[in-house]
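I have placed the structure first, in the form of structure tokens, so that the comments after it can refer back to it.
Right under this line is the structure:
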């Protein structure tokens, strides 16, 4: 085999070897990128799945608000949350599953409310007769107070009516006297006083109502 031919063949083999190594490096790099992407996607999914629990943990355990930390600090805190999650270091079960925790609280509150209502029903049945007596007594007292208030209102109204009647009679006497003396100005003033006036509760009233 000629020397030049051997050199060319060796060169081609070397190039093929370099291309293969380059391809291997490229494939490994691609695999690493995909692996990083999968890890990143998994972390993002974990954050999405446990966002409520993480925010509760950050606010109640760390005393921080999500709006007060940057992305780097948020990522570091989430890694710490995940570590405590995996090691079961949380002081409260709600940081593992907030929805389940809230559901159990609601169930507990519902059961307590049912028990309370049952106790109230039993108490009502047990004290039914005594409560009925107390109720009737209260109704009688309320009715008595209402009657006393009505009587007082009627008395005040009668006093006002008597006062108005007396005033009307006095004006009429003055009017008669003014007619006799021919004081027309006084007559007009007194007639104006005798014109119907509007009461806030009873509407217009006329002096004839009191005569």
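In UniProt numbering, the protein residues as written are 1 to 211. Note that beta-carbon positions come from the ideal geometry of N, C-alpha and C, so glycine has one too.
Out of the options, which has the shortest C-alpha to C-alpha gap to residue i?
i, options, result
"residue 192", "168, 182, 102", "168"
"residue 86", "50, 69, 68, 62", "50"
"residue 100", "127, 52, 113, 73", "52"
Cβ of residue i within 7 Å of Cβ of residue j?
i, j, result
"residue 54", "residue 81", "yes"
"residue 78", "residue 47", "yes"
"residue 56", "residue 98", "yes"
"residue 194", "residue 171", "yes"
"residue 178", "residue 166", "no"
Cα separation between residue i and residue j?
i, j, result
"residue 108", "residue 93", "15 Å"
"residue 115", "residue 121", "10 Å"
"residue 102", "residue 95", "11 Å"
"residue 151", "residue 132", "29 Å"
"residue 146", "residue 161", "22 Å"
"residue 129", "residue 135", "10 Å"
"residue 66", "residue 76", "13 Å"
"residue 182", "residue 158", "36 Å"
"residue 63", "residue 123", "46 Å"
"residue 163", "residue 117", "59 Å"
"residue 175", "residue 154", "31 Å"
"residue 106", "residue 144", "47 Å"
"residue 68", "residue 119", "48 Å"
"residue 60", "residue 149", "58 Å"
"residue 74", "residue 127", "60 Å"
"residue 72", "residue 113", "46 Å"
"residue 210", "residue 188", "Low local confidence applies: a pLDDT of 41 at residue 210 is under 50, so the model's placement there is unreliable, with the coordinate-based value given in what follows. If you take the alpha carbons of residue 210 and residue 188, they lie about 21 Å apart."
"residue 142", "residue 180", "57 Å"
"residue 184", "residue 173", "15 Å"
"residue 41", "residue 83", "Annotation note: pLDDT 49 at residue 41 (below 50); position unreliable, coordinate value reported separately. Distance between the alpha carbons of residue 41 and residue 83: 18 Å."
"residue 88", "residue 45", "20 Å"
Apply the 10 Å Cβ neighbour rule to residue i and answer buried if 16 or more other Cβ atoms are within range, or exposed otherwise.
i, result
"residue 58", "buried"
"residue 245", "The shown model of the chain, from 1 to 211, leaves out residue 245, and the question about it has no answer."
"residue 190", "buried"
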